[in-house]
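Asks: Per the working numbering: the sequence shown = residues 5 to 382.
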Amino acid sequence: MTATGPATVDRITGVRLSSVTLPLPTAISDAKVLTGRQQPMTEVAMLFAEITSEAGLEGVGFSYSKRAGGPGQFAHAREIAPALIGEDPSDIARLWDKLVWAGASVGRSGLSVQAIAAFDIALWDLKAKRAGLPLAKLLGAHRDSVRCYNTSGGFLHAPVEEVLDRAAESVASGIGGIKIKVGHPDPATDLARVAAVREKIGDGVTLMVDANQQWDRPAARRMCRAFERFDLGWIEEPLDAYDFEGHAQLAAAFDTPIATGEMLASAGEHVQLITAGGADIVQPDAPRVGGITQFLKVMALADARHLQLAPHFAMEIHVHLAAAYPREPWVEHFEWLDPLFDEHLEIAGGRMHLSARPGLGVTISEQARAWTVEEFRI
Ligand SMILES: [Mg+2]
Numbered sequence: 005m006t007a008t009g010p011a012t013v014d015r016i017t018g019v020r021l022s023s024v025t026l027p028l029p030t031a032i033s034d035a036k037v038l039t040g041r042q043q044p045m046t047e048v049a050m051l052f053a054e055i056t057s058e059a060g061l062e063g064v065g066f067s068y069s070k071r072a073g074g075p076g077q078f079a080h081a082r083e084i085a086p087a088l089i090g091e092d093p094s095d096i097a098r099l100w101d102k103l104v105w106a107g108a109s110v111g112r113s114g115l116s117v118q119a120i121a122a123f124d125i126a127l128w129d130l131k132a133k134r135a136g137l138p139l140a141k142l143l144g145a146h147r148d149s150v151r152c153y154n155t156s157g158g159f160l161h162a163p164v165e166e167v168l169d170r171a172a173e174s175v176a177s178g179i180g181g182i183k184i185k186v187g188h189p190d191p192a193t194d195l196a197r198v199a200a201v202r203e204k205i206g207d208g209v210t211l212m213v214d215a216n217q218q219w220d221r222p223a224a225r226r227m228c229r230a231f232e233r234f235d236l237g238w239i240e241e242p243l244d245a246y247d248f249e250g251h252a253q254l255a256a257a258f259d260t261p262i263a264t265g266e267m268l269a270s271a272g273e274h275v276q277l278i279t280a281g282g283a284d285i286v287q288p289d290a291p292r293v294g295g296i297t298q299f300l301k302v303m304a305l306a307d308a309r310h311l312q313l314a315p316h317f318a319m320e321i322h323v324h325l326a327a328a329y330p331r332e333p334w335v336e337h338f339e340w341l342d343p344l345f346d347e348h349l350e351i352a353g354g355r356m357h358l359s360a361r362p363g364l365g366v367t368i369s370e371q372a373r374a375w376t377v378e379e380f381r382i
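Right under this line is the structure:
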């Protein structure tokens with residue numbers, strides 16, 4: 005059904021999809037590589053959606069895939085894109101439903117909704133631009149800046165000296181927290197790296213660790229106990245992402261907050277995590293759960309349960325969403341996506357600052373165009 009009432013003030017006239025391969029400067033390893041489940045990561049597959057309207061507005065959104073899945077996201081997006089033409093771009097919730105029904109046979113989580121995420125985010129960008137507001141302000145911001153922490157300097161392929169240098173650089177550049185990867189086969193190595201970083205950055209900078217789902221329940225209990233003395237900001241993904249009960253047991257047993265949720269691939273999966281009490285800090289990822297429309301549902305539920313929020317990756321989107329969350333959140337700093345955009349977020353005083361630019365406040369760079377491997381336009 006297409007909206008045709010008197011409240012319709014604009015229509016979608018064009019969609020452009022781009023599949024962009026973003027190379028990483030070095031091959032990245034976390035605990036999933038050390039356990040042999042995945043290969044080191046060398047690139048990120050980006051899916052950009054640009055939506056244009058009769059009134060001359062344009063929205064930009066993106067989704068992404070690490071390791072496999074990028075070509076599948078692009079192919080699914082290309083199939084469902086024609087359903088948007090002629091629609092009112094302001095009817096974002098209805099259009100999300102329309103797109104998910106168009107691909108209903110492949111389900112309502114994972115790759116199908118990640119393809120929809122690129123459109124959904126572009127529609128929110130377009131709506132905020134129509135209002136002349138940064139997206140956070142359109143949603144209803146609680147703050148104009150958000151605490152941020154760096155992750156990209158703390159991977160497991162990096163020797164401890166490099167991790168320490170990167171941590172010091174991050175803090176000097178105005179970033180407020182440091183997260184390092186753990187899940188080394190020898191627990192003593194994890195503890196030594198955490199102790200070294202704590203000593204380097206001092207007690208005044210928040211330190212977090214991330215095990216990327218690679219401990220079993222007994223190992224996670226032992227490691228959570230051993231980490232208690234470091235007063236960590238949180239312990240992330242100590243267990244398999246879908247072990248909600250195991251995460252809930254850890255959250256109840258230890259003082260250090262348990263954070264998880266980045267791997268969940270729909271708002272519905274977050275409902276299960278949150279209702280199970282599986283996280284002190286919820287880590288949804290807007291592209292992964294199907295876009296901003298779905299992310300807002302996760303935010304509402306997390307808030308109702310008085311939980312903390314620390315969105316995963318994609319800081320260009322999440323700075324806006326985190327700014328609209330009632331409790332002081334954290335946004336994850338990765339510089340990986342910087343070459344894809346002409347504009348960059350300002351970081352100072354431990355926080356990432358919103359700009360006054362309308363929408364997400366990003367435009368796709370010439371470099372991103374040069375890295376485009378496939379394109380589709382209607
Ligand atoms: Mg993580």
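All residues carry an ideal CB built from backbone N, CA and C; glycine is no exception.
#1: Would you call the region 174 to 182 in contact with the region 53 to 61, where contact means no fewer than 3 C-beta pairs closer than 8 Å?
#2: Name the DSSP beta bridge partners of Y68, please?
#3: Determine, using beta carbons only, whether A269 and V286 come nearer to each other than 8 Å.
#4: At which residues does the alpha helix (DSSP H) containing G144 begin and terminate?
#5: DSSP three-state call for P86: helix, strand or coil?
#6: How would you call P362, buried or exposed, if buried means at least 16 neighbouring beta carbons within 10 angstroms?
#7: Go through its chain and collect everything with a Cβ distance to D194's Cβ below 8 Å, but skip five positions before and after it.
#8: Run the CB neighbour count on A374, radius 10 Å, all protein chains shown included, and call it buried at 16 or more, exposed below.
#9: From which residue to which residue does the beta strand (DSSP E) around I351 run?
#10: So what's G76 in DSSP terms, helix, strand or just coil?
#11: Can you tell me the Cβ-Cβ gap for F345 and M319, rounded? I've got them flagged as a contact below 8 Å.
#12: Less than 8 Å separating the beta-carbons of T291 and Q43?
#13: Looking at the strands, I want to know which residues DSSP matches up with H337.
#14: Within 10 angstroms of its Cβ, does W105 collect 16 or more other Cβ (buried), or is it exposed?
#15: Tell me the DSSP secondary structure of T56 in three-state form.
#16: For D190, count the other beta carbons within 10 Å of its own beta carbon; 16 or more makes it buried, fewer makes it exposed. Which is it?
#17: Less than 8 Å separating the beta-carbons of G74 and L130?
#18: May I have the straight-line CA-CA distance separating A4 from E166, to the nearest angstrom?
#19: Excluding five sequence neighbours on each side, which residues of the same chain lie with their C-beta closer than 6 Å to the C-beta of W238?
#20: Tell me whether D124, by its Cβ, gets closer than 7 Å to a heavy atom of ligand 1.
Replies: The relevant details are as follows:
#1: no
#2: M50
#3: no
#4: That residue, G144, is in no alpha helix (DSSP H); it is neither H nor E in DSSP.
#5: helix
#6: buried
#7: V186, G187, H188, V213, M227
#8: exposed
#9: 350 to 352
#10: helix
#11: No, F345 and M319 are not in contact; Cβ-Cβ is about 11 Å, not under 8 Å.
#12: Note that residue 291 is Pro in the sequence shown here, rather than Thr. Not a contact, by the Cβ cut-off of 8 Å.
#13: N154
#14: exposed
#15: strand
#16: exposed
#17: no
#18: Absent from the model: residue 4. The displayed extent of the chain is 5 to 382, so no value can be given.
#19: M212, P261, A263, I285
#20: no
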